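Just so you know, the sequences run in chain order A and B.
For the first sequence, our numbering assigns the number 37 to the initial residue and increments by one for each residue that follows.
For the second sequence, our numbering assigns the number 37 to the initial residue and increments by one for each residue that follows.
Have a look at the structure below before the remarks.
Number of protein chains: 2
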Amino acid sequence: MSNRKIPEGTISRLFIYLREVTSIVNMNIRTVSSAELGDRTNLSDAQVRKDLGYFGQFGVSGSGYDTQELKAALEKILGKGKTWNVAVVGVGHLGSALLAYSGFKEHGLNLVAAFDSESKKIGKNVGGATIQPIEEMPKAIRDKKVSIGIITVPAESAQEVADRLISSGVECILNFAPASLNVPENIKIKDVDLSRELETLSYFLVNKK
Amino acid sequence: MSNRKIPEGTISRLFIYLREVTSIVNMNIRTVSSAELGDRTNLSDAQVRKDLGYFGQFGVSGSGYDTQELKAALEKILGKGKTWNVAVVGVGHLGSALLAYSGFKEHGLNLVAAFDSESKKIGKNVGGATIQPIEEMPKAIRDKKVSIGIITVPAESAQEVADRLISSGVECILNFAPASLNVPENIKIKDVDLSRELETLSYFLVNKK
DNA sequence: CTTATTTTGTGAAAAATGGTACAAAGTTTG
DNA sequence: CAAACTTTGTACCATTTTTCACAAAATAAG
Numbered sequence: 037m038s039n040r041k042i043p044e045g046t047i048s049r050l051f052i053y054l055r056e057v058t059s060i061v062n063m064n065i066r067t068v069s070s071a072e073l074g075d076r077t078n079l080s081d082a083q084v085r086k087d088l089g090y091f092g093q094f095g096v097s098g099s100g101y102d103t104q105e106l107k108a109a110l111e112k113i114l115g116k117g118k119t120w121n122v123a124v125v126g127v128g129h130l131g132s133a134l135l136a137y138s139g140f141k142e143h144g145l146n147l148v149a150a151f152d153s154e155s156k157k158i159g160k161n162v163g164g165a166t167i168q169p170i171e172e173m174p175k176a177i178r179d180k181k182v183s184i185g186i187i188t189v190p191a192e193s194a195q196e197v198a199d200r201l202i203s204s205g206v207e208c209i210l211n212f213a214p215a216s217l218n219v220p221e222n223i224k225i226k227d228v229d230l231s232r233e234l235e236t237l238s239y240f241l242v243n244k245k
Numbered sequence: 037m038s039n040r041k042i043p044e045g046t047i048s049r050l051f052i053y054l055r056e057v058t059s060i061v062n063m064n065i066r067t068v069s070s071a072e073l074g075d076r077t078n079l080s081d082a083q084v085r086k087d088l089g090y091f092g093q094f095g096v097s098g099s100g101y102d103t104q105e106l107k108a109a110l111e112k113i114l115g116k117g118k119t120w121n122v123a124v125v126g127v128g129h130l131g132s133a134l135l136a137y138s139g140f141k142e143h144g145l146n147l148v149a150a151f152d153s154e155s156k157k158i159g160k161n162v163g164g165a166t167i168q169p170i171e172e173m174p175k176a177i178r179d180k181k182v183s184i185g186i187i188t189v190p191a192e193s194a195q196e197v198a199d200r201l202i203s204s205g206v207e208c209i210l211n212f213a214p215a216s217l218n219v220p221e222n223i224k225i226k227d228v229d230l231s232r233e234l235e236t237l238s239y240f241l242v243n244k245k
């Protein structure tokens, strides 16, 4: 049951279910069916059941899912409430904007270190961390137990930064640089590429019938 | 050939190929093989060939792809250089940050209108557009020929805003609100959900072996 | 110019994902 | 408590996407 490989899409949808079931709990509704959950999320009832099925049996035939139980189960599966130490590399426009983003803390990401190669930025304070030179990365990342590295440097230096982050011990990288990075199997890398999202829209408009 | 349905993933990868081939052209390299392109993008050679194959035959057996030709072809397919008029609804933190993002203009997105429901924001200028009340949306969107609407309002009002945008005539929506929106078949909607990206990392860290 | 090598383009196989449908289990009704 | 109804969980089927593998085309070498 839980040893099958779980599709990436399932994980992503789990967050959607959690969002929805949280809102349902807040309406003091005790129970919800897969059909209802599907309606609210624009997904099919079968999809909902199948996704949840990867993680166990939460439902009750005839009445559906206990909303509070489901919420708790999803939170557990998705690691809600846990916190992680993160380090940002590259404190330019994008880096600073990210550090100001409140969603960071809300999702358990705790900024403990920031690095930049520009010497005039060193020593400044951003989002509670003091900007350090890149050379201090290995020590700082070990000392502060950083598990997530965020790359917001230009594409040219992104690979080098990724290599350093990994050799310093981070397990997970969030890459905002528009570059295809090479990382070992055991490292999770997540590319966030707003440019590509924008360009996809452009493609759609050009090629729509 | 080009009447087959093209996978979403293919489109997304095309941008990656374009990025790479652009960098190769800048290095004055005249030709590139699917294997090389695959290496640079962490994709398989077969994937590269199949993706390109959806749009025609660009390669030459024995030597590969002419980099300049491929670049030009990808730019044409992806609508590079075209520009689109966009309107932003919701000029809070996120909206303002987006408007400051330089990538917007670079990707041919031209802000021509901004709306907000808060009366004290009306009349202010952001990124070259004057903030208008939501009521003026239909007229403004028609007059200014807006084809892309960007939603950066709270989740609660996102659906309502989407409905209004669509009935006013936009063809494409970029949704930054963490909500599952319902839109007609012929409207392209793209969800950008940074929260979910962050949460996915958390899932990975909790569930890694 | 013939042989060896490279590399494309694409059918066909395989893998991944999503949808259908139904037995089994629970709930409600009279 | 029996019959009608609801809803889950999953085995099976369909579709989509990726990978394999190889003939055909181009190039390079001898």
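Glycine included, every Cβ here is placed at the ideal spot set by N, Cα and C.
These numbers were taken from a predicted model, which means no experiment stands behind them.
Residues of chain A with CB under 8 Å from residue i, in chain order?
{"i": "V228 of chain B", "result": "L230 and E233"}
{"i": "F151 of chain B", "result": "Those within 8 Å of F151 of chain B in chain A number zero; the least Cβ separation is about 19 Å."}
{"i": "I184 of chain B", "result": "L237 and L241"}
Starting from residue i, find everything on chain B with Cβ-Cβ shorter than 7 Å and list it in chain order.
{"i": "R55 of chain A", "result": "P214"}
{"i": "V242 of chain A", "result": "G115 and K118"}
{"i": "A133 of chain A", "result": "A133"}
DSSP three-state label for residue i, please.
{"i": "A213 of chain B", "result": "coil"}
{"i": "K226 of chain A", "result": "strand"}
{"i": "N161 of chain A", "result": "strand"}
{"i": "Y101 of chain A", "result": "strand"}
{"i": "V68 of chain B", "result": "strand"}
{"i": "M37 of chain A", "result": "Low confidence applies to M37 of chain A: its pLDDT is 43, below 50, so where it sits in the model is not reliable, and the reading given next is rough at best. In this structure, M37 of chain A counts as coil in the three-state DSSP scheme."}
{"i": "N62 of chain B", "result": "helix"}
{"i": "N146 of chain A", "result": "strand"}
{"i": "I202 of chain A", "result": "helix"}
{"i": "G220 of chain A", "result": "The sequence shown places Pro at residue 220 of chain A, not Gly. Looking at P220 of chain A - three-state DSSP - the assignment turns out to be coil, as it is neither helix nor strand."}
{"i": "N78 of chain A", "result": "coil"}
{"i": "I177 of chain B", "result": "helix"}
If you draw a straight line from the alpha carbon of residue i to that of residue j, how long is it in whole angstroms?
{"i": "K224 of chain B", "j": "L217 of chain B", "result": "11 Å"}
{"i": "V96 of chain B", "j": "Y53 of chain A", "result": "48 Å"}
{"i": "S38 of chain A", "j": "R55 of chain B", "result": "Per-residue confidence for S38 of chain A stands at a pLDDT of 42, beneath the threshold of 50, marking its modelled position as unreliable; the derived number appears in the next sentence. Computed Cα separation, rounded: 39 Å."}
{"i": "D152 of chain A", "j": "H129 of chain A", "result": "12 Å"}
{"i": "I202 of chain A", "j": "Q93 of chain A", "result": "37 Å"}
{"i": "D75 of chain B", "j": "K160 of chain B", "result": "49 Å"}
{"i": "N62 of chain A", "j": "T103 of chain A", "result": "10 Å"}
{"i": "V206 of chain A", "j": "G205 of chain B", "result": "47 Å"}
{"i": "L101 of chain B", "j": "V122 of chain A", "result": "For the sequence presented, residue 101 of chain B should be read as Tyr rather than Leu. Y101 of chain B and V122 of chain A: Cα-Cα distance of roughly 41 Å."}
{"i": "N243 of chain B", "j": "A176 of chain B", "result": "49 Å"}
{"i": "A150 of chain B", "j": "N78 of chain B", "result": "39 Å"}
{"i": "I125 of chain A", "j": "V189 of chain A", "result": "The question names Ile, but residue 125 of chain A is Val in the sequence shown. Cα to Cα, V125 of chain A sits roughly 7 Å from V189 of chain A."}
{"i": "F240 of chain A", "j": "V57 of chain B", "result": "22 Å"}
{"i": "I209 of chain B", "j": "K181 of chain A", "result": "40 Å"}
{"i": "K112 of chain B", "j": "S231 of chain A", "result": "17 Å"}
{"i": "G185 of chain B", "j": "K118 of chain B", "result": "17 Å"}
{"i": "V219 of chain A", "j": "E154 of chain A", "result": "25 Å"}
{"i": "V84 of chain A", "j": "G98 of chain A", "result": "16 Å"}
{"i": "F51 of chain B", "j": "L114 of chain B", "result": "8 Å"}
{"i": "Y137 of chain B", "j": "R66 of chain A", "result": "43 Å"}
{"i": "K226 of chain A", "j": "F91 of chain B", "result": "28 Å"}
{"i": "F212 of chain A", "j": "G139 of chain B", "result": "13 Å"}
{"i": "G89 of chain A", "j": "S80 of chain A", "result": "14 Å"}
{"i": "L145 of chain A", "j": "P214 of chain B", "result": "18 Å"}
{"i": "Q168 of chain A", "j": "S238 of chain B", "result": "25 Å"}
Which residues does DSSP list as the beta-bridge partners of residue i?
{"i": "K94 of chain B", "result": "With the sequence shown as reference, residue 94 of chain B is identified as Phe, and Lys is not the correct amino acid for it. According to DSSP, F94 of chain B bridges with nothing at all."}
{"i": "P169 of chain B", "result": "B:D152"}
{"i": "A191 of chain B", "result": "DSSP, once it has assigned bridges, lists no residue as partnering A191 of chain B."}
{"i": "G185 of chain A", "result": "A:A123 and A:I209"}
Under 8 Å from any heavy atom of the ligand FAD, does the C-beta of residue i make it?
{"i": "A150 of chain A", "result": "Among the components modelled here there is no ligand, and therefore nothing to report on the ligand FAD."}
Which residues in chain A sit within 9 Å of residue i, going by Cβ to Cβ distance?
{"i": "T77 of chain B", "result": "S216"}
{"i": "G144 of chain B", "result": "L234, E235 and S238"}
{"i": "K224 of chain B", "result": "T236, L237, F240, L241 and K244"}
Please list the partners that residue i has in chain B, where partner means a Cβ-to-Cβ separation under 9 Å.
{"i": "Y239 of chain A", "result": "I47, L50, F51, I113, L114 and G115"}
{"i": "E207 of chain A", "result": "F240, L241 and K244"}
{"i": "L210 of chain A", "result": "E233, L234 and L237"}
Counting only Cβ pairs nearer than 8 Å, list the residues of chain B close to residue i.
{"i": "G139 of chain A", "result": "L230, S231 and L234"}
{"i": "L73 of chain A", "result": "By Cβ distance, chain B contributes nothing, its closest Cβ being about 11 Å from L73 of chain A, past 8 Å."}
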